[in-house]
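Asker:
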Amino acid sequence: MFRKTNNKVLGFIFILLLVIVIVAYLSDAGKEERTFREELVNIDTTAVTKIVINTKSNNYKPFSIYKSGKGWLIELKNGKTASVKDERVKQILNELVKIKPKRLAARGEDKWSEFQVKPDSSGTRVQVYEGDDATLDIILGRLNYIPQPRSVSTYVRLYNDTDVYEVNGFLALTFNQGADSFRDNTIIKSDQNMWNELQFNYPADSSFTLIKTGNKWFINNVETDSVKTAAVLRKLAAFMRSNFADDIEVPAGKSPSYQLTIKGKEINPIEVKAYVDSSYYVVTTNQNPGTKFDGKTFGKDLFVNKSTFFK
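Using numbering that gives the first Met the number 0, read the sequence shown as starting at 0 and increasing by one per residue.
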């Protein structure tokens with residue numbers, strides 16, 4: 000009788016312990032499921048007014064891209080500002096809204112260094128503002144490349160959270176850049192099919208004008224080589240450089256040493272000027288007002304010789 004009672008008690012205790020274990024397991028699983036963020040980024044891209052980026056490529060000196068009127072400006076280290084293309088800002092915001100948790104990679108600060116999500120020392124911090132409200136504060140960390148199957152992901156962490164997530168995408172390609180890489184680097188951007196005249200004004204008697212008549216181009220009434228001319232015009236039509244010369248001051252009233260003026264149908268004239276001295280080669284363009292470029296390495300590609308258009 001005692002043995003039967005004892006067995007019943009032991010059985011009851013076993014069942015009770017089993018229930019406790021199951022409840023505890025389900026509770027922990029539910030807790031983990033609840034704390035796994037299904038959404039990391041929730042911003043209204045149409046309401047964004049400022050983006051602050053702090054990255055290793057800029058020596059962890061944060062810079063701001065902010066809305067000004069209908070355009071965007073970026074703060075430079077010299078206290079000045081420069082324009083940012085609208086499409087560049089759209090690219091930044093599109094990359095952010097695409098961030099979706101793939102998996103929870105780690106919990107706690109002990110893994111921050113490994114996944115490079117420590118602020119001001121390894122990761123790239125991105126803050127997004129909508130007016131005065133910071134609607135996103137995230138650190139973009141280490142790249143994870145898997146050869147088979149070929150995939151690229153990035154480890155990220157919300158600034159005020161300890162959890163590290165793995166998300167799809169090569170985010171460093173967009174964000175781990177210096178401030179200059181976000182600037183408008185346009186010198187010439189136009190449709191060469193709309194052009195009908197290019198004036199190359201050079202020192203001495205080396206100036207010339209390229210004129211389109213029908214489908215042919217001429218210099219001094221001499222037809223140019225069609226293949227070479229097409230190659231030059233194609234190169235000029237999308238001329239971008241990031242060799243900025245913010246700290247070089249050109250004396251007021253100084254005349255340009257070289258000037259290229261492009262005219263055409265239904266386009267505003269494009270003017271590119273070069274101010275050359277023994278110590279500088281500054282290029283300016285009316286398509287990117289206020290921006291100065293160092294043309295020492297690319298000036299010859301802009302201000303080409305007459306012979307470039309002939310065999």
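The C-beta atom is built at its ideal place from N, Cα and C for all residues, glycine as well.
(1) Do you know whose CA, among I261, V125 and R36, lies nearest E94's CA?
(2) Is the beta carbon of I64 sitting closer than 8 Å to the one on V40?
(3) Where does S121 fall in DSSP's three states?
(4) Can you give me the start and stop residues for the alpha helix (DSSP H) that N93 sits inside?
(5) Given a threshold of 16 other Cβ atoms within 10 Å of its Cβ, counted over all protein chains shown, does I266 qualify as buried or as exposed?
(6) Can you find a CB in chain D that lies within less than 8 Å of the CB of E108?
(7) Would you be able to state if there are at least three C-beta pairs under 8 Å between the region 36-56 and the region 128-137?
(8) Assess contact between the region 104-113 and the region 150-170, defined as three or more Cβ pairs (one per stretch) separated by less than 8 Å. Is contact present?
(9) Give the secondary structure of N200 by DSSP, where H, G and I count as helix, E and B as strand, and everything else as coil.
(10) Alpha carbon to alpha carbon, how far is K60 from D160?
(11) Does DSSP put E108 in a helix, in a strand, or in coil?
(12) Among V231, L75, F174 and R182, which one has its Cα closest to the Cα of S56?
(13) Using only the alpha-carbon positions, how far apart do D246 and A178 sit?
(14) Tell me which same chain residues have a C-beta within less than 6 Å of the C-beta of G263, skipping the five on either side of it?
Answerer: The answer reads as follows:
(1) V125
(2) no
(3) coil
(4) D85 to V96
(5) exposed
(6) The question asks about chain D, but that chain is absent: this structure has only one protein chain.
(7) yes
(8) yes
(9) strand
(10) 23 Å
(11) helix
(12) F174
(13) 15 Å
(14) M193, W194 and N195
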